[in-house]
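A.B. asks: Numbering (the numbering used here), first residue to last: 7 to 226.
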Ligand code: C5P
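Quick look at the structure:
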């Protein structure tokens with residue numbers, strides 16, 4: 007199986023690049039962040055504190071996360087319910103980065119992520135794919151960009167979906183999530199030693215994909 011890992015901080019363009027790459031290579035794209043978002047959604051809906059390790063462990067026992075593909079689009083199923091669209095709010099982003107610090111949450115989701123990678127050629131994006139989920143991935147990329155650029159891109163993405171926020175709010179949200187993600191003890195956000203570093207600050211999505219393709223050709 008061809009396994010491609012893309013990690014990096016929030017708003018670096020991972021999902022846009024990964025989707026395009028998957029399309030060009032005719033393989034599936036797995037957005038692992040969506041799984042953490044689905045757990046956060048369930049906790050919030052049930053009034054469970056997203057930082058309460060014990061309460062979340064209990065919640066997890068009774069939680070089923072699954073992924074399906076409809077017209078090549080990933081759908082996230084939370085206990086059988088399609089939550090793909092409603093997990094994209096800032097409240098869920100913040101909750102996801104809190105539940106993601108809890109080892110029991112990560113272990114449950116990592117098991118599913120590894121199972122998918124064993125069965126399919128996949129481009130997987132997240133924070134710990136190259137370092138923890140798929141340490142033997144065929145190619146690993148670490149995609150980053152300046153905080154200003156990442157905040158601008160996130161703002162545009164949210165505007166396109168009809169949400170209005172200020173650039174400063176988006177910047178604060180990204181900074182807080184990067185801090186949570188890189189300072190947590192279990193599987194923190196970090197560039198794998200063998201990952202190829204790409205700074206997308208002054209690059210278009212197509213340019214980033216073009217930069218990645220030769221590395222993938224060598225590996226596959
Ligand atoms: O990628 P996305 O912004 O949707 O991820 C939401 C949150 O899920 C991240 O801020 C991060 O805390 C968490 N996450 C993670 N590990 C992954 C993917 C996402 O910790 N592999």
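Cβ coordinates follow ideal geometry from the N, Cα and C atoms, glycine included. The structure presented is a predicted model; accordingly, all values stated were derived computationally and were not measured.
What separation, rounded to the nearest whole angstrom, lies between the Cα atoms of residue 147 and residue 91?
C.D. replies: As a first step, residue 147 is located in the chain shown; it is residue number 141 there, counting from the start. As a first step, residue 91 is located in the chain shown; it is residue number 85 there, counting from the start. Taking the straight line from one Cα to the other gives about 27 Å.
A.B. asks: In three-state terms, what does DSSP make of residue 122?
C.D. replies: Position 116 of the chain shown, counting from 1, holds the residue named residue 122. In this structure, residue 122 counts as helix in the three-state DSSP scheme.
A.B. asks: What's the C-alpha gap between residue 219 and residue 175?
C.D. replies: Locating residue 219 in the chain shown gives position 213, counting from the first residue. Locating residue 175 in the chain shown gives position 169, counting from the first residue. Cα-Cα distance, rounded: 35 Å.
A.B. asks: Relative to the C-alpha of residue 41, which candidate in 58, 117 and 202 has its C-alpha closest?
C.D. replies: In the chain shown, counting from the first residue as 1, residue 41 sits at position 35. Comparing Cα positions, the closest option is 117.
A.B. asks: Taking the C-alpha atoms as reference points, what is the distance between residue 119 and residue 38?
C.D. replies: Counting from 1 along the chain shown, the entry for residue 119 is found at position 113. Counting from 1 along the chain shown, the entry for residue 38 is found at position 32. Approximately 7 Å, taken between the alpha carbons.
A.B. asks: Per DSSP, residue 74 forms a beta bridge with which residues?
C.D. replies: For the purposes of this step, residue 74 is taken as residue 68 along the chain shown, with counting starting at 1. Answer is 81, bridged to residue 74.
A.B. asks: Hey, out of 203, 23, 182 and 138, whose CA is closest to residue 192's CA?
C.D. replies: Looking up residue 192 in the chain shown gives position 186. That would be 138, whose Cα lies nearest to the Cα of residue 192.
A.B. asks: For the ligand C5P, is there any heavy atom lying closer than 7 Å to the beta carbon of residue 38?
C.D. replies: One-based indexing of the chain shown puts residue 38 at position 32. Checking the Cβ of residue 38 against the ligand C5P gives yes.
A.B. asks: Given that a residue counts as buried once 16 or more other Cβ atoms are within 10 Å of its Cβ, and exposed if not, what is residue 152?
C.D. replies: Numbered from its first residue, the chain shown carries residue 152 at position 146. Residue 152 should be labelled exposed.
A.B. asks: Distance check for residue 183 and residue 126, CA to CA, integer angstroms please.
C.D. replies: The count along the chain shown starts at 1 and reaches residue 126 at position 120. The count along the chain shown starts at 1 and reaches residue 183 at position 177. Near 30 Å, if we compare the C-alpha coordinates of residue 183 and residue 126.
A.B. asks: Note down the Cα distance separating residue 11 from residue 100, rounded to an integer number of angstroms.
C.D. replies: Position 5 of the chain shown, counting from 1, holds the residue named residue 11. Position 94 of the chain shown, counting from 1, holds the residue named residue 100. Taking the straight line from one Cα to the other gives about 23 Å.
A.B. asks: Can you pull the DSSP bridge partners for residue 131?
C.D. replies: The residue you call residue 131 lines up with position 125 of the chain shown. Beta-bridge pairing links residue 131 to 12 and 37.
A.B. asks: Looking at residue 23: is its Cβ nearer than 8 Å to the Cβ of residue 66?
C.D. replies: Within the chain shown, the letter at position 17 stands for residue 23. Within the chain shown, the letter at position 60 stands for residue 66. No, these two residues do not count as a Cβ contact at 8 Å.
A.B. asks: One question on the structure: do residue 82 and residue 89 come within less than 8 Å of each other, judged by their Cβ atoms?
C.D. replies: Locating residue 82 in the chain shown gives position 76, counting from the first residue. Locating residue 89 in the chain shown gives position 83, counting from the first residue. Yes. Within cutoff.
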